[in-house]
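Its first residue numbered 2, the sequence shown is counted upward by one per residue in our numbering.
Here the structure comes first, spelled out in structure tokens, and everything after it is commentary.
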Amino acid sequence: MDSNQENLVVQQNMNPNEHNTNTRIMNINQDNKFDRVRDELYKYLGMASDDNDDDDEEPDGEYHGEANDDEEQVLGNELELCDVDREMENEFTEEDVVVGPISGMRFRDKDSLFVFYKEHARLKGFSVVKRNSNKKGGDTARLATVLDDSGCWRISKVVHDHNHDLIPSISRLMAGHRSVCDSLKRDLVAYNQSSIKPSKNIRLAEVQRGGLQNLGCTPKDCRNFILKSRNFEMQEGDAQSLLNFFCGMQVKDREFFYSIDIDNIGRLRNVVWVHSHYKTAYEQFHDTICFDTTYLVNRYNMKCATFVGINHHRQSILLGYALMSHEDINNYKLVFRTWLEAMGNVHPDAIITD
């Protein structure tokens, strides 16, 4: 038997599971690669890895990528702004953003100034935060502005020197730049509904996007989003029961009003409903309204808000209900706008909140 035949025999007698073994080795090497990238990024960002088996722990912080104070102080620059605000339009070219702020540059309002500097920071590889008067930032770079006589914000001082390295490749993971995008939210929700644990869910999202650096947020942001999104997953039959209740009320009362608001991935966000006799009472007693959000629905952790008025006997009267997924400005605006629509857009003279 010649050497070629011997090689052929050896190959034919190999363990049939060797291919699977090699595949596992490749997967392990790939996992180790992602682990190294993750550890390096976390080390630079000054964060601790949360890759553990405690998948059902309570969420920590906001899912949308808001940084904590420590991250802001380590990575951020301070943006010194006055208290006065003006609302005008302002436009800058892409070249202006790349060059960055220059003394004497003028802006129509401080929001456009902050957006401009924030985008410049993202391109250069650092993050920007508004100054906290109680804390001192760790970065030496500064940007100060003043409000001139024409009502524009003028940059009075710029310090470009940094006491840390600038790394544009990972700026999307820094405080103020990172966020859980809509496509990632949809993937995380889909994997979660498939009973995939958060740690494996996040790893899968990392692999699909070619690594943590392409995720646009940190694994902790993803974990927080997953755990919070579970609060708003309707159990089987609950959504239909709610809709059946509202439809049944409209059969009994044609003037019954309800509105169901869902987000861009189909989850329940806000619900508002008003009975017809609430509308009748509001026509007479709409001078002062109390909006109370102290009640909580345990299963979904949603706020149950009530609109309450006072009649001529100084008695409390109900004027509407709302279920709210989050207590933020956008949700409050939507709930109040919807409730006012139900009340014929008649505004109360005053609103008291808790």
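For glycine and all other residues, C-beta sits at the position ideal for the given N, C-alpha and C.
Please read these numbers as outputs of a predicted model, since none were measured by experiment.
Residue nearest to residue i in terms of C-alpha spacing, selected from the options
i	options	result
TYR279	GLY212, ALA351, ILE353, SER317	SER317
THR289	ALA351, SER113, LEU243, LEU114	ALA351
ASN332	LEU228, GLU342, ASN271	ASN271
ARG185	ALA206, ARG179, SER200	Before going on, a small fix: residue 185 reads as Leu here, not Arg. Ranking the options by Cα distance to LEU185, first place goes to ALA206.
ILE263	VAL336, ASP150, ASP112	VAL336
ARG224	ASN215, ALA240, LYS201, VAL208	LYS201
ALA306	ARG315, PHE108, ARG255, ASP355	ASP355
TYR296	LEU324, LEU319, HIS313	LEU324
LEU320	ARG187, ALA343, LYS334, SER242	ALA343
THR281	THR339, GLY345, GLY211	GLY345
ARG179	LEU213, GLN241, PRO199	LEU213
ILE261	ASP254, PRO349, THR339, PHE115	THR339
ILE311	SER326, ILE330, LYS334, PRO349	PRO349
PHE226	SER151, ASN193, ARG315	ASN193
Residues near residue i in its chain [Cβ-Cβ closer than 6 Å; skip 5 each side]
i	result
CYS1	Nothing about residue 1 can be reported from this structure: the residues present for the chain run from 2 to 355 only.
VAL159	PRO102, SER104, LEU144
VAL147	ARG155, SER157
TRP274	TYR259, TYR322
PRO17	Unreliable placement is indicated for PRO17, whose pLDDT of 43 sits below 50; no coordinate value is reported for it.
SER149	Before going on, a small fix: residue 149 reads as Asp here, not Ser. Hits under 6 Å: ARG155.
ASP188	ALA206
ASP254	SER277
Own chain residues within Cβ distance below 7 Å of residue i, not counting five before or after
i	result
CYS291	VAL309, ILE353
GLU328	THR294, LYS304
ASP112	none
CYS153	ARG107, PHE108, ARG109
ARG210	LEU216
LEU114	PHE108, THR146, TRP154
MET250	PHE257
HIS313	none
For residue i: DSSP bridge partner residues
i	result
ASP293	THR307
ASP262	ASN271
ALA351	THR289
PHE108	TRP154
Residue-level contact to chain D via CB, residue i, 9 Å cutoff
i	result
CYS291	No chain D is part of this structure, which consists of one protein chain only.
Contacting residues, own chain, Cβ-Cβ under 8 Å from residue i (five flanking each side not counted)
i	result
VAL347	TYR283, GLU284, HIS287, LEU341
ALA240	LEU269
Contact belief for residue i with residue j at Cβ below 8 Å, rounded distance in angstroms
i	j	result
ILE203	PRO220	5 Å
PHE247	HIS276	In fact, because the Cβ distance is near 11 Å, the residues do not count as touching under 8 Å.
PHE117	PHE108	7 Å
LEU243	PRO199	The pair is not a contact, with the Cβ atoms about 28 Å apart (cut-off 8 Å).
LEU269	SER195	At roughly 20 Å, the Cβ-Cβ gap does not stay under 8 Å, so LEU269 and SER195 are not in contact.
**OP:** Write down every uninterrupted run of the alpha helix (DSSP H) in the stretch 316-348 whose length is 4 residues or greater and which is fully enclosed by it, in chain order.
**Re:** 330-343
Original post:
What are the complete alpha helix (DSSP H) segments, minimum 4 residues, inside the stretch 184-244?
Top reply: Correct list: 199-209, 220-230.
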